[in-house]
Amino acid sequence: MVIASRRTLLKGAGALALAGAIGAPARVRAEGKVLKIGQLGVMSGPEASWGLVNKFSCLATAEMWNAKGGVEIDGELYRVEIVSVDDRNDPKLTVSGAERLTGEEGIHYFVGPNMDTTATSVRPIAEKNKAIYIPYAFARTVYTPPAENAILGMIASYQVAPVMYKILKEERGVGKVAFLARNDSDGLLQRDEASKVAKNLGLEIISSDTYEPSITDFFPVVANAVSASPDLIIMSSVAPAHCPQLMRAAREMGYTGLFAAESAQDIKIIKEVAGEYGDGLVSIGGASTPEIRSAYMEDFIEKYNAVAGEWNDEAGTKAYALEMLLGTLQKTGAAGISDIEIFKKAIPDFSMKNPFLKEEAALTYVGMADFGQKRQIGVPMVITETKGGEFTTLAIGKVES
Amino acid sequence: MATATDPAPTRGEKRVLGPFLLIFAPLAAVLFVAIPFVLADMPYWLNVVTNACLLSFASLGVWLTFSIGRVNIAQGAFCLIGGYTVGGLTTFGGLSFWLALPFGGAAAALVGYIIGYPLLRLRGIYFAMVTLSLTEAVRLAFLYFGTMVGVTSITSIPSPPGITSPMAFYLFAAALLILGYAGIWRLQSSRTGGVFRSMRQNEELAASIGIDVARYRVFAFTICCFMGGIAGGIFAALQQNVYPQSYTVADSINFMLYCFLGGLEFVLGPIVGTFALVVSFELLRAIQEYQALLYGILMIVVMLFLPNGLLSFFPALKRLSGGRK
Amino acid sequence: MEQILVNGAILAANYALIALGITLIFSIMNVLNFAHGQMFMLGGLLVYWLVVQIGLPYAAALIGATIIVGVIGMAFEVFFFRQVMRNSTREENTMLLAVGTALLLENAALSLFGEKQRGVPPIVSGVYKLGDAFLPANRAFVFGVSVVLIVAVLLFVNYSRTGRAMRALAQDRTATLLMGVNTARVSTLGFGLGAALAAVAGGLLITVSGVNAGVGTAISTKAFIMIMIGGAGVVSGALLGAVALGFIEAFGYAYLPGSLTYLMIFVALIIFLLIRPQGIMGKPWG
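Protein chains in written order, with my numbering: chain A, 12 to 412; chain B, 49 to 373; chain C, 297 to 582.
This is the structure in structure tokens:
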């Protein structure tokens, strides 16, 4: 019923009342110091959920800090303000959006965008206006020198694959795998990288199929894979919306093996759409599984609920970006807010306690192995498995520094 | 059909230049004096108007296919072809952007010329839907054949040499737009333009008086594709990348909408339509999640009150004030 | 092989509802309804809301959602499309309006229902086996309901007074008006019926695969493909188009490398239209 209350609120406020805000630019109204952080991503259209989860995560984190009075940097409290820009997954709008954040608003740190297309489009603007950005896209070019302004905010599929497949091979006896990839450049690229990993581990690839992003019925698509009877179906770059549909179609055709996804999924969608067929999915999670999360994470979930209306498990992996940014800025001091060179210098030695995990664990920047420089947030690699409508922790690994 | 208020020049060369300058001079003044002056220190808005200029340029092409009576939802495909050509030639071929750009336009024009002959036999919504399919087909083709050769996307495309600031890029885009506008205007006021209009009203009739309808249709479509290719090529250099999903059906539909919104009876229509939609979308950013919602409402409202496009407002005003009939 | 045929048949039945709706609107109003997929989406999400949030039984929710979307369709016709068609010099101008309504519905749904994929649990569970093919009971149920509805719509359009008026309107608007038919009322009903059919399709499919706020454009594109194959504005053409697309998709996914299926569909479609520009059953030039 949380959603219903949000809906009433929306109706109450009314789109028209908000429309009155046009023309009044989002200038800072609060007293005291303000730290503005940008958020750029796709928040309308078919991929709306990708960017909205980022936005809600940033807002929740900002809320948590502001409830404490703000972030303390050099002895002064800064209220965190999130400036969101919707790019509709259109590179043209991403470029102008980034220009708006970094040029118009004078922001030097922003979270997003979400896709390879948009993330690579931002690069020239970020370099020109001297800004650090945290994309959730895997294109290597933006993280490897000479590019040095992007920090990967999550774990890349090609980093998850070796760890995940190894566990599944050794502990679950997986030998034959089938690939199902979304037919766009992200999906195909991830499938190709994952195939290499699978071959190196000695797994046998018995089928490889793709489907259009616009698909509504997965029955015809999974037929090939299921008839080859693999032990594991790997869903490359699968959207949370499609994952349970794929699982249900495969199970209905008699498939009994495991599923793997290298990206975060959402248990509520899995429960609703796949129902009793939702078990046996191995995917990557943030810190949201109940047995490992800290009180701070509980608080984050609560704040996220207040902002978004309901929890989304994808947010578990997206809680880290803003937290890391703020943590690093506390180390660099106030000078770092407007000078990203100081921030970049602080990256290699930075370390803080991971606030989202119950256990004592350090949070650092990683990426030497994949990008040749530390341009990735060292999010713990929590590998989860769905059982009885819940995510359970299968293993916790991490990306090589 | 609405010829009473139709400002498109048809009546002899002498009377053509007057109305042309009447619109051309203020347009040039806005593009080269007002905008650079006002937005000099606002790179964000410069970027927005640069986008608008390039999108208008591509929409002008779409407008030309409208003038022969075809609803064209394929411009995204030709932007993609132009983008890949320019991206490939500059990144892998080491060619200068300035040399590669004409090739981008030519590649798109060539493809348009070849498939234009059979495609343009279709009319009405069949042409609209087949061009929509073409957008998807081209995207999927780049994806499929790109995967086969191992290059689905081109990244790190060098930016055009000599253009170092947002202002320079804007001036380049604006110059291109004004050139495109003048070109399309000239075409419209020539005999060819008259043939185009006669084809829109009745293709059979036009054919019956000895006009080679097929040749003229392809001519219009090829120019349209050329303009799409040029715009796509410049966007590739501006964003420094091109992906199969850089242009989707939504982009092709947008090009068509820009023409509708401005008004199909006016050469200025696509420019006004593009600037109105692009700038209003940016202005609506202040209302965050209701941005896209209000954008939709705005489109409906414009259509309700000005069903023939924004520019139809002015002739309507003229009529009200008792001007020429 | 059996599996491919079963898959094709189920796809075809789902698609037929969508194609029937868009073709009704097109034939009566001459409007290419870009918002059709959004109406499909809205139907699905309304069923979700009524079942999961309000707690209505599925059948009641399906009927409720159908009526709501049908009324929205009628309101669009009365307040938007009719006005624009009266005042505009070119018929195509309604395209901008249709895209505007699509944006409106999509973003309203995004605000009201959130960004997530929504699903309703299957109405019936279990899996049947036909020869070598698997047929989940819920899909069989959706297939059955679709076929019944398609037959009902065909009977309505062919034999009822209003249905005949709709067909007459599609053939010749002026003549129909002269025969004393209230064309305004029939147009409104036709638009409402088309929208309601999209909503039913969405409401049924949400039990199979779930629906999210952004799915509309993809559905509209598929609907366009179907009416292109079958011929725009002809009811039998819409059904043929749906059956053709359903089976082509099923066979394509089975025998072609996946990523090639839709590329081939589009290329084949373009070539097909060049040979037969009005689709299988259509009137030439729409």
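From the three backbone atoms N, C-alpha and C, an ideal C-beta is built for every residue, glycine too. Fair warning: this is a prediction, and the values are worked out from it, not measured in the lab.
Query                                                                                                                                                           : Result
Just to confirm, are E58 (chain A) and V318 (chain A) a CB contact at a threshold of 8 Å?                                                                       : no
Taking just the CA atoms, how far does T458 (chain C) sit from M304 (chain B)?                                                                                  : 35 Å
Is the beta carbon of A192 (chain A) sitting closer than 8 Å to the one on T221 (chain A)?                                                                      : yes
For T200 (chain B), go through chain A and note every residue whose CB falls closer than 8 Å to its CB, in chain order.                                         : S196, L199, L200
Counting only C-beta atoms, is T227 (chain A) closer than 8 Å to chain C at any point?                                                                          : yes
Looking at T403 (chain A) and T300 (chain A), is the spacing between their C-beta atoms short of 8 Å?                                                           : yes
Which stretch, first to last residue, makes up the beta strand (DSSP E) that contains Q50 (chain A)?                                                            : 44–52
Within 8 Å (strictly less), CB to CB, does I306 (chain C) reach chain A?                                                                                        : yes
Is it right to say R134 (chain A) is buried, meaning 16 or more other beta carbons lie within 10 angstroms of its own, or is it exposed?                        : buried
From the DSSP output, in three-state form, read off V94 (chain A) for me.                                                                                       : strand
By DSSP's criteria, P432 (chain C) is part of a beta bridge. Which residues make up the other side?                                                             : C:V423
Can you check which of these residues, A:P241, A:D242, A:G291, is closest to M258 (chain A) by C-alpha distance?                                                : A:G291
At the 8 Å Cβ level, is L337 (chain A) part of the contact set with chain C, yes or no?                                                                         : no
Of the residues C:V367, C:L400, C:G533, C:M297, which one's Cα is nearest the Cα of A519 (chain C)?                                                             : C:G533
Give the C-beta separation of A250 (chain A) and D324 (chain A) to the nearest angstrom, bearing in mind that I take them to be a contact with Cβ-Cβ under 8 Å. : Not a contact, Cβ separation roughly 13 Å.
Closer than 8 Å, CB to CB, is M126 (chain A) near chain C or not?                                                                                               : no
Using a Cβ cut-off of 7 Å, which residues of the segment 382–401 of chain C contact any Cβ in chain B, in chain order?                                          : N383, S384, T385, R386, E388, N389, M391, L392, L393, V395, G396, T397, L399, L400
Determine the closest residue to E92 (chain A) out of A:G80, A:G320, A:G164, with distance taken between C-alpha atoms.                                         : A:G80
What does S55 (chain A) reach in chain C if we use C-beta pairs closer than 7 Å?                                                                                : N403, L406
Whose CA, out of B:L147, B:L325, B:F105, lies closest to the CA of W233 (chain B)?                                                                              : B:F105
Are there 16 or more other CB atoms within 10 angstroms of the CB of L65 (chain B), so buried, or fewer, so exposed?                                            : exposed
Start and end of the alpha helix (DSSP H) containing Y551 (chain C)?                                                                                            : 531–551
Measuring only the C-alpha atoms, how far is A464 (chain C) from I324 (chain C)?                                                                                : 9 Å
Starting from T240 (chain B), trace the alpha helix (DSSP H) both ways and give me its first and last residue.                                                  : 239–249
Looking at L243 (chain A) and V464 (chain A), is the spacing between their C-beta atoms short of 8 Å?                                                           : Coverage of chain A is limited to positions 12 through 412, which leaves residue 464 (chain A) absent and any answer about it impossible.
Taking C-beta to C-beta, are V562 (chain C) and L188 (chain B) nearer than 8 Å?                                                                                 : The sequence given here has Phe at residue 562 (chain C), not Val. For F562 (chain C) and L188 (chain B), yes; Cβs fall inside 8 Å.
In this structure, how does DSSP classify K364 (chain A) when only helix, strand and coil are distinguished?                                                    : strand
From the beta carbon of M275 (chain B), is the nearest beta carbon of chain C less than 8 Å away?                                                               : no
Please classify A28 (chain A): is it buried, with 16 or more other beta-carbons within 10 angstroms of its beta-carbon, or exposed?                             : Residue placement at A28 (chain A) is flagged as unreliable, the pLDDT there being 40, under the threshold of 50; a coordinate-derived value is accordingly withheld.
Based on Cα-Cα distance, which residue from C:T517, C:T557, C:A398 lies nearest to G344 (chain B)?                                                              : C:A398
Kindly indicate which residue of B:T240, B:V320, B:M347, B:N99 has the alpha-carbon position closest to the one of M215 (chain B).                              : B:N99
Is the Cβ-Cβ distance between A550 (chain C) and P224 (chain A) less than 8 Å?                                                                                  : no
Check whether chain C comes within 8 Å of P91 (chain B), counting only Cβ atoms and requiring the distance to be less than that.                                : no
Using a C-beta to C-beta distance shorter than 7 Å, which residues of chain B count as neighbours of G114 (chain A)?                                            : P91, Y92
Would I281 (chain A) pass as a contact of T397 (chain A) if the rule is Cβ separation under 8 Å?                                                                : yes
Helix, strand or coil for A406 (chain A), going by three-state DSSP, please let me know.                                                                        : strand
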